[in-house]
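See below for the structure under consideration.
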């Protein structure tokens, strides 16, 4: 997946998280970003981008992170390109990850 997904989606970096609904945590399952650590998990409330995508069930696409509503005055080293997209992954109307 690490080799094929960037080509399929025309992106440089990606991260694939599965959602643990009992603990409201997103667990990193696969990625190709040099700054992400294996086994990383994020509480849903710690990422406004991920939380909104999970709650709305809709993708979030921002062309300029620094001018988006998600920017809180500091650079995010994981968003070096300036744009991002967050896609909810669904099975039978239930979001299982991003």
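Numbering (the numbering used here), first residue to last: 789 to 886. We treat Cβ as the ideally placed atom computed from N, Cα and C, and that holds for glycine. Since the structure is predicted, the reported quantities are computational estimates derived from the model, not experimental observations.
Check your understanding: Start and end of the alpha helix (DSSP H) containing residue 799?
Key -> Per DSSP, residue 799 belongs to no alpha helix (DSSP H) and is neither H nor E.
**Study point:** Alpha-carbon to alpha-carbon, residue 843 and residue 873
**Key:** The alpha-carbon atoms of residue 873 and residue 843 are separated by roughly 15 Å.
**Study point:** Proximal residues to residue 877 (C-beta, below 6 Å), its chain only, five neighbours per side dropped
**Key:** 884, 885
**Study point:** Beta-carbon contacts of residue 849 that lie in its chain and below 6 Å, excluding the five residues immediately before and after
**Key:** 873
Review point. Would you call the CB atoms of residue 817 and residue 829 closer than 8 Å?
Key: no
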